[in-house]
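In the working numbering, the protein residues as written are 8 to 152.
We put the CB at the ideal spot given by N, CA and C, even for glycine.
It should be emphasised that the depicted structure is a prediction, and the values quoted were computed from it without experimental measurement.
Structure first, then comments.
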């Protein structure tokens with residue numbers, strides 16, 4: 008719930024949240040997470056066609072014994088996907104393929120997530136679209152029930 012509440016109102020065609028098995032508390036910096044998700048969701052919304060759907064799912068990944076689990080956030084859009092030519096540059100500051108904007112959104116999101124010990128990667132989805140996969144430390148997650 009905390010993560011879903013941390014997401015600002017993003018003007019979009021359709022946004023759906025799914026939260027599965029996440030502890031109601033975490034020590035992640037909510038303001039950093041909110042800012043990072045704002046940038047990622049804005050990108051997903053802009054990439055999706057009119058009438059498209061953006062989904063965001065939060066789940067937990069349990070670690071091996073003695074290893075903390077992780078929080079996984081997947082933001083999926085129905086845009087054209089990422090071409091192999093531009094993929095290496097997507098997290099570079101000032102890189103953009105858009106007519107409007109300066110290309111700081113994904114770069115900023117990555118820096119914010121890394122400041123919390125997290126990672127982000129982009130994957131093309133089968134059938135089209137892109138998935139932004141975020142992994143955050145889950146050291147404060149209680150064991151799965």
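Span separating the alpha-carbon of residue 64 from that of residue 43:
Near 15 Å, if we compare the C-alpha coordinates of residue 43 and residue 64.
Taking the CB atoms as reference points, tell me whether residue 39 and residue 119 lie closer together than 8 Å.
By the CB criterion at 8 Å, residue 39 and residue 119 fall inside the cutoff.
Out of 86, 88, 96 and 121, which has the shortest C-alpha to C-alpha gap to residue 144?
The shortest C-alpha to C-alpha distance from residue 144 to any of 86, 88, 96 and 121 is the one to 121.
Assign residue 94 to one of three DSSP states: helix, strand, or coil.
Three-state result, residue 94: helix.
Are the beta-carbon atoms belonging to residue 113 and residue 101 less than 8 Å from one another?
Not in contact: residue 113 and residue 101 (Cβ atoms no closer than 8 Å).
Given this structure, state the Cα-to-Cα distance separating residue 126 from residue 117, to the nearest angstrom.
Residue 126 and residue 117 have their C-alpha atoms spaced approximately 7 Å apart.
Look at residue 139 and residue 47 and say whether their C-beta atoms are less than 8 Å apart.
If you check the CB distance, residue 139 and residue 47 come in under 8 Å.
Specify the secondary structure class of residue 61 as computed by DSSP and reduced to three states.
In the structure shown, residue 61 sits in a strand (DSSP, three-state: E or B).
Beta carbon of residue 51, beta carbon of residue 89: below 8 Å?
Not a contact, by the Cβ cut-off of 8 Å.
Sub-8 Å separation of residue 58 and residue 69 beta-carbons
No.
Ordered along the chain, which non-local residues of its own chain (more than five positions away) have a Cβ less than 7 Å from that of residue 36?
Non-local beta-carbon contacts of residue 36 in its own chain, meaning distances under 7 Å to residues more than five positions away in sequence, involve 123 in chain order.
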